[in-house]
Amino acid sequence: MIPFNKPFLTGKETQYIQEAVQSGKLSGNGIFTQKCQAFFEQEYGFKKALLTTSCTDALEMCALLADIQPGDEVIVPSFTFVSTAIAFVRQGATIVFADSYSDNPNMDASQLEALITPKTKAIVPVHYAGVACDMDAIMDLANRYNLLVIEDAAQAIDSFYTGKEGVKRALGSIGHLAAFSFHETKNIISGEGGMLTINDERFIHRAEIIWEKGTNRAEFFRGEVNKYGWVDTGSSFLPSEVIAAFLWAQIENLAVIQQKRKTLWNAYYQGLQSVPSVTLPQLPEYATNNGHMFYVVLPSLSARTQLIRYLQEAGYHAVFHYISLHSSPYYQSKHDGRSLPHSDHFTDCLLRLPLFYSLSELDVQKIVETIRFIYEQ
Ligand SMILES: *Cc1c(COP(=O)(O)O)cnc(C)c1O
Numbered sequence: 121m122i123p124f125n126k127p128f129l130t131g132k133e134t135q136y137i138q139e140a141v142q143s144g145k146l147s148g149n150g151i152f153t154q155k156c157q158a159f160f161e162q163e164y165g166f167k168k169a170l171l172t173t174s175c176t177d178a179l180e181m182c183a184l185l186a187d188i189q190p191g192d193e194v195i196v197p198s199f200t201f202v203s204t205a206i207a208f209v210r211q212g213a214t215i216v217f218a219d220s221y222s223d224n225p226n227m228d229a230s231q232l233e234a235l236i237t238p239k240t241k242a243i244v245p246v247h248y249a250g251v252a253c254d255m256d257a258i259m260d261l262a263n264r265y266n267l268l269v270i271e272d273a274a275q276a277i278d279s280f281y282t283g284k285e286g287v288k289r290a291l292g293s294i295g296h297l298a299a300f301s302f303h304e305t306k307n308i309i310s311g312e313g314g315m316l317t318i319n320d321e322r323f324i325h326r327a328e329i330i331w332e333k334g335t336n337r338a339e340f341f342r343g344e345v346n347k348y349g350w351v352d353t354g355s356s357f358l359p360s361e362v363i364a365a366f367l368w369a370q371i372e373n374l375a376v377i378q379q380k381r382k383t384l385w386n387a388y389y390q391g392l393q394s395v396p397s398v399t400l401p402q403l404p405e406y407a408t409n410n411g412h413m414f415y416v417v418l419p420s421l422s423a424r425t426q427l428i429r430y431l432q433e434a435g436y437h438a439v440f441h442y443i444s445l446h447s448s449p450y451y452q453s454k455h456d457g458r459s460l461p462h463s464d465h466f467t468d469c470l471l472r473l474p475l476f477y478s479l480s481e482l483d484v485q486k487i488v489e490t491i492r493f494i495y496e497q
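Numbering (this note's numbering), first residue to last: 121 to 497.
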């Protein structure tokens, strides 16, 4: 059976973990953490990067930094993972769900203005499958209404957006704040893990404090203050050096990982073009593809269920994805009742195919042939 995902190990992870252990510094914000953060800042132009224990954690830090209060409204796509919403719900926010485009699961930027009220505090674009949201339109709205933009870039490492001015910028470097994931299902991994990136300098100082249990410990260790203590709210959001050491091995192989994933993605795309009933992902002109995920959209829920079964019988594990959050058992009764047909369409019809580093192009060809065979009968 070819699984849907298989975590990739570079072979250096245990060596770096051993180095971290031998250094005698195992808690957070040590040498490996700082190496990882410096890499991301330099490579992608984030003003500040802080490793976290998950993307969910990084989003929770965003909710604290945005000072979300009970009753505040936050605009979130319905077709996303629970974490995108729950980080703000924990602070008492009301989630106002945005619909997807008809041909792309990302939030439809042209529909957002109608969702803004005097209570709106933030917009949270999710770059689904690592494909950029329309960031110029979203940033423009945020500027006009004085809102924060918090990118959920969990799937978007090493992916880019080219704006009106023709400048190509990394996802996670555009919003005021952004959150990444290094969960084992993402492109580069540390088992569980994540990162907060801060592009609006106003938030850097406070982010370091919230990261370190509400203390100014990071400043103290840099020698900027002569004692440290409790100065703000916060939690223990930073990962141990063991996690950062693992991540460093992955970062060293980022280019190779990305190349392989994009090759597999392209093999699916080429192979499945012109197969009846199978709609391929649409990449807007402003977006790049980081090879995070290959999905297809089928005409109906029953067509998808059938294809999952056929692929299963042929030895391939394909999986559906999110179930619209506005109709989830937890949030349904709190949702304002608007229907979000595009989100529901992707809930029913989107199917993700196996894509991981050790998958071969031959495997992809076989999966493609299986699908072609089914639909060309
Ligand atoms: C994976 C993912 C998350 C959660 O990441 P964790 O690191 O597991 O907390 C959040 N949002 C999106 C869009 C994701 O894909």
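Every residue, glycine too, gets a C-beta built ideally from N, C-alpha and C.
Quick one: complete alpha helix (DSSP H) runs, 4+ long, within the segment 224-283? 255-265
Tell me which residues share the same chain as Thr408 and place their Cβ nearer than 6 Å to its Cβ, disregarding the 5 neighbours each side in the sequence. Ser279 and Phe280
Which of helix, strand or coil does DSSP assign to Glu405? coil
Phe476 versus Val439: straight-line alpha-carbon distance, rounded: 14 Å
Does the beta carbon of Gln275 fall short of 7 Å from some heavy atom of ligand 1? yes
Does the pairing of the segment 268-277 with the segment 132-143 give three or more beta-carbon distances under 8 Å? no
Between which two residues does the alpha helix (DSSP H) carrying Glu193 extend? Looking at the DSSP string, Glu193 is not in any alpha helix (DSSP H); the run it does join, the beta strand (DSSP E), is Glu193 to Pro197.
Spatial distance of Glu304 from Ser203 (CA atoms): The straight-line gap from Cα to Cα measures roughly 16 Å.
Nearest to Asn149 (by Cα), restricted to the options Leu358, Gln402, Gln497 and Ile491: Comparing C-alpha distances from Asn149 to each of Leu358, Gln402, Gln497 and Ile491 shows the shortest one belongs to Leu358.
DSSP state of Val417, grouped into three classes? strand
Cβ shell of Leu184 (< 8 Å), same chain only, five flanking positions each side left out: Gln211, Ile330, Thr353 and Gly354
Can you tell me whether Glu285 is helix, strand or coil according to DSSP? coil
Status (buried if at least 16 other CB within 10 Å, exposed otherwise) for Lys502: The first residue shown for the chain is 121 and the last is 497, placing residue 502 beyond what the model contains.
Pick helix, strand or coil for Glu332, following the three-state DSSP scheme. If DSSP states are grouped into helix, strand and coil, Glu332 belongs with the strands.
Which listed residue (Met259, Tyr265 and Gly286) has its alpha carbon closest to that of Gly292: Met259
By DSSP, does Ile377 sit in helix, in strand, or in coil? helix
Would you mind stating whether Thr335 and Val351 have Cβ atoms separated by less than 8 Å? Cβ atoms of Thr335 and Val351: closer than 8 Å.
Compare the beta carbon distance of Leu431 and Gly411 with 8 Å and say whether it is the shorter of the two. Result no, Cβ atoms of Leu431 and Gly411 do not sit closer than 8 Å.
Gly391 in three-state terms, based on DSSP: Gly391 carries a helical assignment under DSSP once its states are collapsed to helix, strand and coil.
What does DSSP give as the partner residues of Gly349 in its beta bridges? Bridge partners of Gly349: none, in fact.
If Glu133 and Ala369 are in contact, beta carbons under 8 Å, what's the gap, nearest whole angstrom? 4 Å
Are the segment 360-379 and the segment 298-312 touching, with three or more C-beta to C-beta distances below 8 Å? yes
How many angstroms separate the CA atom of Lys399 from the CA atom of His462? It is Thr, not Lys, that sits at residue 399 in the sequence shown. Roughly 14 Å separates the two Cα atoms.
Use the C-beta contact count for Ala213: other C-beta atoms within 10 angstroms, 16 or more gives buried, fewer gives exposed. buried
Sorted by chain position, which residues of the same chain lie with C-beta nearer than 6 Å to Leu123's C-beta, five sequence neighbours on each side aside? A quick correction: the sequence has Pro, not Leu, at residue 123. His437, listed in sequence order.
Using DSSP with H/G/I as helix, E/B as strand and the rest coil, what is Met315? strand
If you measure between the beta carbons of Leu445 and Ala205, is that distance less than 8 Å? yes
Starting from Lys486, trace the beta strand (DSSP E) in both directions and tell me its first and last residue. Where Lys486 is concerned, there is no enclosing beta strand (DSSP E), although the alpha helix (DSSP H) it sits in stretches over Glu481 to Glu496.
With a threshold of 8 Å between beta carbons, is Leu384 in contact with chain B? The question asks about chain B, but that chain is absent: this structure has only one protein chain.
Would you mind giving the Cβ-Cβ distance between Leu392 and Leu427, rounded to the nearest angstrom? I have them listed as a contact below 8 Å. Rounded, the Cβ-Cβ distance is 12 Å, inconsistent with contact.
Less than 7 Å separating the Cβ of Glu133 from some heavy atom of ligand 1? no
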